[in-house]
Amino acid sequence: MFLDQSTPDTSVYMIAGYTIFFVITAIYVISLAIRERNLKRDLATLEALKMEQEQQAAAAAAAAPVAPGPARPRSNKPKPTNKKARRKQ
Amino acid sequence: MQAKPTALKALDIASIVLLAIAGYLALIYAPEELVMGQVQRVFYFHVATAWTGLLGFVAAGVAGVVYLVTADEKWDTVEVAAVEISLVFFFVTIVLGSIWARPIWNTWWTWDPRLTTAAVTELIYIAYFMLRAGIEDPTKRARFGAVYAIIGAISAPITFLAIRFFRTIHPVVIGSGDPSAQGTFAMSPHMLVAFFFALFTFTVIFIDLFWNRIRLGSLAGKVEELKLSILQ
Chain R
329 MFLDQSTPDT SVYMIAGYTI FFVITAIYVI SLAIRERNLK RDLATLEALK
379 MEQEQQAAAA AAAAPVAPGP ARPRSNKPKP TNKKARRKQ
Chain B
25 MQAKPTALKA LDIASIVLLA IAGYLALIYA PEELVMGQVQ RVFYFHVATA
75 WTGLLGFVAA GVAGVVYLVT ADEKWDTVEV AAVEISLVFF FVTIVLGSIW
125 ARPIWNTWWT WDPRLTTAAV TELIYIAYFM LRAGIEDPTK RARFGAVYAI
175 IGAISAPITF LAIRFFRTIH PVVIGSGDPS AQGTFAMSPH MLVAFFFALF
225 TFTVIFIDLF WNRIRLGSLA GKVEELKLSI LQ
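Structure representation (structure tokens):
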């Protein structure tokens, strides 16, 4: 009709618009969830690594040679002079 | 990381429920526009996503100012969160606008002042992440990012006011615009309900995503800190 004033059918564009909106929003929300999961995993690994590092450091400190103490006092006993007595000692 | 606060969990659920109601109002409750047909329904989410997008860009600028004043890392996290969410919402706005324009303007895209300023704004904030990715030093990255976010925030009001200052074919639904605009329509009371409810819903969704994203940023900061302490 020459003066056709009927409403055009633009529903395909509406469906496309809302589909794209929901897809993009879902992708973003999923990306947030994935990033959070990965970061939590990284945090757990790093915390375990740090604990291990601290334990290693503590073990290394325990195994280190002890600082020399005060010199032992020498015995005042006179040294035996003859060979026999020295062997006995 | 601390467990998710109950308020945030409630906000997550509220966002989903509100989105469902906003969808119902936009797709079923609001009447069909007689000249444009069903595609006009895209308008409700198009304006709402644009609102949250521009809101986030301004919030990022404010966070940038606060960071420069306080030099507190948490404001850098806030700034990044605001920009990221707004970038997503604003991209949706541009795509929805393009889909609406195809049957109404008979083209997917035209270099109209509003469309051009919107595209420039989106590109400015894509460049924001490129800038940040190029700087290794965290303090320098945060400082440069803050300055960039402040300058970038100027693009938000320019985009908003473009249809009021320049000759444009983009319709102005709230307030008066250029009479040569194509696709303008008067909103019925039912349409107004759907429109304002969508604006409210997207504001809530923005706050929810913003909070979640800030928590994510804090977690990333914690991981980074721990990595550095192990390496030292």
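Sequence lines, in order, name chains R and B. To convert, note that position 19 of the first sequence is 347 in the numbering used here; the numbers rise steadily by one, no gaps. To convert, note that position 187 of the second sequence is 211 in the numbering used here; the numbers rise steadily by one, no gaps. Using N, Cα and C, we set each Cβ at its ideal position, and we do this for glycine too. Note that the coordinates shown come from a computational prediction; the quantities given were computed from them, not determined experimentally.
Any C-beta of chain A under 9 Å from that of residue i
i       : result
I352(R) : Among the chains of the structure shown, chain A does not appear; the protein chains present are R and B.
Supposed close pair residue i, residue j - CB separation, criterion 8 Å
i       : j       : result
A222(B) : A83(B)  : 20 Å between Cβ atoms; not a contact.
H194(B) : L120(B) : Their Cβ separation, rounded to whole angstroms, is 13 Å, which puts H194(B) and L120(B) out of contact at 8 Å.
A50(B)  : R65(B)  : 5 Å
A157(B) : G241(B) : With 8 Å as the limit, A157(B) and G241(B) do not qualify as a contact, their Cβ atoms being about 15 Å apart.
G80(B)  : I109(B) : 5 Å
L371(R) : K246(B) : 6 Å
Chain-ordered chain B contacts of residue i [CB-CB under 9 Å]
i       : result
I362(R) : The premise fails here: I362(R) is roughly 11 Å from chain B at the closest Cβ pair, so nothing lies under 9 Å.
Residue-level contact to chain B via CB, residue i, 9 Å cutoff
i       : result
I358(R) : no
A344(R) : yes
M329(R) : Note that M329(R) scores 43 on pLDDT, short of 50, meaning its location in the model is unreliable and no value can be drawn from it.
Beta-carbon neighbours of residue i, restricted to chain B and to distances below 8 Å
i       : result
Q381(R) : I254
Sequence-distant residues of the same chain with beta carbon closer than 6 Å to residue i, five excluded per side
i       : result
A54(B)  : H214, M215, A218
T192(B) : D136, P137, R138, D202
K33(B)  : none
T183(B) : T141, A142, T145
S39(B)  : V228, I229, D232
L42(B)  : T225, V228
Under 9 Å by beta carbon: chain R residues contacting residue i
i       : result
G61(B)  : T335, P336, D337, T338, S339, Y341, M342
I123(B) : Y341, M342, A344, G345, I348
Below-9 Å beta-carbon distance, residue i vs any chain R residue
i       : result
T73(B)  : yes
R138(B) : no
G47(B)  : yes
K246(B) : yes
I238(B) : no
H70(B)  : yes
Q206(B) : no
R156(B) : no
Interface residues of chain R facing residue i [CB-CB closer than 8 Å]
i       : result
A177(B) : Result: empty, since nearest Cβ-Cβ is about 22 Å, beyond 8 Å.
L270(B) : For residue 270(B) there is no data in the structure shown, the boundaries of chain B being 25 and 256.
W132(B) : Within 8 Å Cβ-Cβ: nothing; W132(B) doesn't reach chain R, min ~11 Å.
Residues near residue i in its chain [Cβ-Cβ closer than 8 Å; skip 5 each side]
i       : result
Y152(B) : V107, G169, Y172, A173, G176
E249(B) : none
Spatial neighbours of residue i in its chain, beta-carbon cut-off 7 Å, leaving aside the 5 residues before and after
i       : result
F226(B) : A72, T73, W75, T76
V102(B) : A87, I238
I159(B) : R165, F168
L58(B)  : none
I254(B) : none
I123(B) : V66
Proximal chain R residues relative to residue i, where beta-carbon distance stays under 7 Å
i       : result
V116(B) : F349, I352
For a minimum of 4 consecutive residues, which ranges assigned as the alpha helix (DSSP H) are wholly contained in the region 157-224 of chain B? Listed in chain order, they are 162-176, 179-189.
Restricting to runs no shorter than 4 residues, where is the alpha helix (DSSP H) found entirely within the region 81-140 of chain B? DSSP runs (the alpha helix (DSSP H)) wholly in the region 81-140 of chain B: 97-129.
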